[in-house]
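For any residue, its number in my numbering is found by taking its place in the sequence shown, counting from 1, and adding 97. Written out below as structure tokens is the structure these notes cover.
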Amino acid sequence: MKRNNAYIWDHNLANIDVNALINNIMGNDAIHYRRVAKQASLVISTCLFFAVSTTQASNEPLLDSALNNQSLYASSYITMGARTVVGGNIQSATAITLAANAIVGGNVESGASTTLGADAAVVGYIQAGTTATLGVASLVNGDIEAGTTATVGASAIIAGALTAGTTVTIDATVEVSGDVFAGTTVTIGAGSVFHGNIDAGTTTTIGAGVQIDGILTANSLLASPIPNLVTNQEDLITRLQVTLKDLGTGTELISTSFGTNDETLEAGIYSTIDYLSIAIGKTLTLDGKGVDGVWIFNIANYLSLAADSKIILKDVTDNSIIIWNVLGDKTGSAGYTQLGAGAEARGYIFAKGFVQTGANAVIAGIGDDCGGAFSATNFIEFGADSIIGKEACINGVALSVGQAIFGQPFAACPTDAFLIQDTSATLFGVQLATGQYQQLSNTMGTTNKLNAMGFNFHDQYLYAWSTEFAGPVRINNNYQVTPLPTTGMPDVSFYVGDIALDSNVFYLYRPGNTNGLFAISLDPTADNYLVAERIIDGSSLNLRIFDMAFHPFNGLAYSVDNIGNLHRIDVNNGSSELINNIGESGTFGAIYFDVDENLYISRNNDGKIFKIDTKEANSLAVLYAYGPSSSNNDGARCALAPVISTEKASIDFGDAPASYGSSAEDNGARHSTENNSIFMGANVDAEFDSFQFPLSDDETDGNNDDDGVAFVTGIEVGNLAVLQLVASSSAFVNAWIDFDGNGVFGTDEKIIDALPVIAGSNVISYEVPTWAEANSTWARFRISSTADLGPTGGVSDGEVEDYLVDITEANVSIQYYPSAAGWATIAFEDNWPIVGDYDFNDLVMNYRISEYMLDGEVIRVKLEGQIAAVGGSYHNGFAFQLPGISRETINEDDIRYTINNVPQLTSPLEQGREKAIAIITNDVWDYVSAGENCKYYRSEPGCGSKIQMHFSMTLPMTHAIPNEEMPAFPYDPFLFATENYEHGYVFGQAPGRAYEIHLPNKAPTEAFRTDFFNRGEDKSDPENKRYFVNENGMPWAVNVGTQWQYPLEYMDVIYAYPLFSSFIINEGRIDDDWFIENNANIKNTFLD
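This is how it looks when you write it as structure tokens:
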């Protein structure tokens, strides 16, 4: 590869000091650029190989090293019109002609002559097979080598050396920084300046006023006056075009219709059976979707971009590749490419025939790529003012074409695992968390097995042992293999292998005295690259293992043998350590690690994936997911990646409390949502992890996907119960109810066992055992194409739905406010008796009331709810008063009260009161916290969070209460002030428990100080049963029978709900739907 020097836009350089010019363009080390270029060329030519087919590689260079960093190549001549600009190198098998003011940002190499017009500039060097001719005031920043003669016009500047096989003729006022060599004569015009030596084979003729800083001789030190001639690359480029064609036809573009309108294409392989053209002024947009992509266009006839047509890049990354492969396969086709005036192309053009453009045409690369055009059999002509490449383009065609053929590496440390199966290798991507898998490729460039696969963290490729090629192969992100010529391996196949993370070494193992553990360096800069070294023989290290995986941090390999023994292997010396038996046996043909040091093993015969925590001593295998089964199995993944993607949510989790197994950490129930058509109810959503109760996403994001099961009858102890399940398609259902309330789904609590269901409604009955405990508990339903499921673990499709349910005694019914699954909302303005900002978000509670009835009488009450918002700085408590119910009516010893599923040990009944008052909390700020950069909890824009506090309280009665004697819903929820915290200037000292806010016209409790009435703006009138309202009847608390979207912080409720005032003023006679979304200014309400 020749160095592609800096690109010059301003090329009017005749009067610029040449030394400053050199430093500006090349840096102070400019003199050494040829040496660097040749070293780089050697590296490239040894690392990149030309693919003869997708299944075989040779050691022939991908392209001639001179074609690297290339913008143009023609097997015939190249002509550049006036003011044409080329960013990279150009090469012609015959002649190159640059018109006046043309610029080449790289090197110029021609098999015959090279001619520069006046004021033309070449930033690199010039090599010409015959003559090199420089026009007046032209500039060459590198060396010039001519096979025969070199002629330099007046006022030209040459920053390098000048060599000619025969004569060198230099006009007046030329400046040359390097040495001048000629096979015969050197003739120098008047006023020229030479900073180096001049050596002619025979004679030197010098004009007047010539300055020579070096030595003048006439016996020629030139050993070989003929430069390295450019060879014709027709055969090589033709084979390259065939290789690109062999990648596949992909999507066919119809010649007669495609390009007549503006078009958009995503990355992929495209082909035509005739021409490809873009009409005048039309566009073709290549949409990269923000990820690395490859576009290959295999064109049977010609490529035509009409005048002012354009190729536009949208969200295309710098690592993407665009290749136009103009094959000319169609009978009679010349395989040419034409760009009309003002047309703009992107990427690289490989044409069988000529490439020709009108004026102002553009061929640009991507990112720092040069872009360019290559003609296998004909010429290249560019119209005036055309541009090829970009300023300082650095990456060339060899790299790009190599990536297109061999494929690019995989995305950095992918989350999914890779699984190879079958006698003709088929590659799958596996989501380990669920076992969901999809076929990536069954045409990998081999007709036989691949095994011992490993992911290489150092270069992001997969590697495996190929039975067909009897050695290791590299697998790219197009899932194609490239054989790697390796020495030192025995003539057997290997099926155990992985690549170390602390060294770029592929380790392969097979038992047997002549086999063993081998190490193969994959570092191309290493002296032992692709040379195998045996670490230990296979009788000294004799393990019945079928795959292995490297630990993410300690450098050791782990494996499980066929009887379930976990082994740890030191690959540096071949020693192994038996850790413990994991409790499972079988052929574990695919083994993986994750970044949390968990080992995953996949069993061949049933596809079950087990998880082993290597951080724990004597860790046992836990069934983790259900994957694909196969008799031939091998796996690989990046051990530094988490098992669950943090970029895209694609798993449905359960949301029952942690004890039931819901989160990924607890091996919770989970289902992949990728390409999933099996679910219950209307939809299924995806999460990064479980939102365990009480933080369920169904409770907080407004998207309740737990909607597939309806309990037709109550769940009564000892009775038959009925439910209705709606399925999206035929599948299997498994379900559990925690009948004993111990927080675990036991095997004897399974109510549905692998039951086939049909698409639509399914009515299912089940028995409630006599030992079931009457209480609130949890049920779990799982639907999948996999029949045999447990209550935890992952599966590749379907859905999990968890429900909080009530088990009751026989003949007990339940009545709810507002409904069995819905929430009511009570919202407070806590500045009473001052109106304040009137935003009704100082305390917002969602709640539900359940009354359990036997023979028409209430035997217990359940209060449950959650803190939805705390938009005030005052410290407040929250409670329910049960009007008309005395404290003694409640069976205090049997109260069950939990906060965030944690039992509370103290009684919630307020002491010393006659009436039943249930204290939910004495200070809501004990259970919630403001978000980062937020002042309050869930009331400011951008300050959303999951619900942080949920409560459930069951109040059993000492004796049944007739339904008509129970207080009306919603009882009497109220706010009170926390002890020892001030509550506004109206009160001289902290009012404490004596301060309360109730719903309008609800009387306070016996703890309230009645002398607080009529302070500030309060206009309460107890004699007329008027409480907690101002003179206009406006309240300090509102109750809504739904989960309400309350106003934003400092947003007066009337700006969020304009009908609120008329509803209050008219005492609810009109606008009683003031609170619904259709009547709201949603932008003024709080949204998560």
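Just so it is clear, CB atoms sit at the ideal spot from N, CA and C, and this is done for glycine as well.
In the structure shown, the three-state DSSP call for Val1150 is helix. In this structure, DSSP gives Ala733 an extended state, which the three-state scheme calls strand. Looking at Ile946, Glu961, Gly968 and Leu1052, the one whose alpha-carbon comes closest to that of Thr986 is Leu1052. Of the candidates Ile193, Gly185 and Ala192, the residue whose Cα lies closest to the Cα of Val220 is Gly185. Under the three-state reduction of DSSP output, Lys1180 falls in the helix class. For Thr300, the CB contacts under 7 Å within the same chain, skipping 5 residues up- and downstream, are Thr282 and Ala315 in chain order. In this structure Asn669 is exposed. Its beta-carbon is surrounded by fewer than 16 other beta-carbon atoms within 10 angstroms. A direct Cα-to-Cα measurement between Glu870 and Arg877 gives close to 17 Å.
Minimum Cα-Cα distance from Leu581 among the listed residues Ser189, Ile1017, Asp426 and Leu627 corresponds to Leu627. Separation of Val339 and Gly486 (C-alpha to C-alpha, rounded to the nearest whole angstrom) is 25 Å. Put simply, the backbone Cα of Gly661 is about 52 Å away from that of Ile463.
Under the three-state reduction of DSSP, Ala828 is assigned to strand.
Remark: C-beta atoms of Pro1119 and Phe1110 approach each other more closely than 8 Å.
DSSP, read as helix, strand or coil, puts Phe1157 in helix. For Asn539, same chain residues with a beta-carbon under 6 Å away, outside a window of 5 residues either side, are Thr523 in chain order. Following the DSSP letters along the chain, one finds Lys386 in no alpha helix (DSSP H), marked with neither H nor E. If you draw a straight line from the Cα of Ala718 to the Cα of Phe1172, it comes to about 53 Å. Contact between the region 994 to 1013 and the region 925 to 940 is absent: fewer than three C-beta pairs spanning the two stretches fall below 8 Å.
The secondary-structure analysis by DSSP pairs Gly857 across a beta bridge with Ala824. The beta carbon of Phe291 lies closer than 6 Å to those of Val273 and Ile309 in the same chain, with the five residues before and after it left out. DSSP places Arg336 in the uninterrupted alpha helix (DSSP H) bounded by Glu331 to Asp343. A distance below 8 Å between beta-carbons, with the five flanking residues on each side excluded, links Ile1162 to the following residues of its chain, in chain order: Asn1129 and Gly1130. Secondary structure note for Gln518: its beta strand (DSSP E) is the uninterrupted segment Ala514 to Gln518.
Secondary structure of Tyr1068 (DSSP, three-state): coil. Comparing alpha-carbon positions, the option among Pro1132, Pro649 and Gln518 lying closest to Val692 turns out to be Pro649.
The Cβ atoms of Phe690 and Ala733 lie no closer than 8 Å to each other. DSSP places Pro580 in the uninterrupted beta strand (DSSP E) bounded by Val578 to Pro580. In the structure shown, Trp833 falls within a strand segment according to DSSP collapsed to helix, strand and coil.
For Arg877, the uninterrupted beta strand (DSSP E) run begins and ends at Asn872 to Ser881, by DSSP.
Relative to Val391, the option among Ile420, Thr380, Ile375 and Asp465 whose CA is nearest is Ile420. Gln978 counts as buried, since at least 16 other C-beta atoms from the protein chains shown sit within 10 angstroms of its C-beta. No residue range can be given for Thr584, since it is assigned to no beta strand (DSSP E) and is classified by DSSP as neither H nor E. Judged by beta-carbon spacing, Ala234 lies beyond the 8 Å limit of Ala258, meaning their Cβ atoms are not closer than that value.
Of the other Cβ atoms in all chains shown, 16 or more fall within 10 Å of the Cβ of Ala921; this residue is therefore buried. Within the same chain, Cβ atoms closer than 6 Å to the Cβ of Val602 are found at Ala616 and Ser618, the five residues on either side in sequence being excluded.
In this chain, the beta strand (DSSP E) harbouring Ala247 covers Ala247 to Val249.
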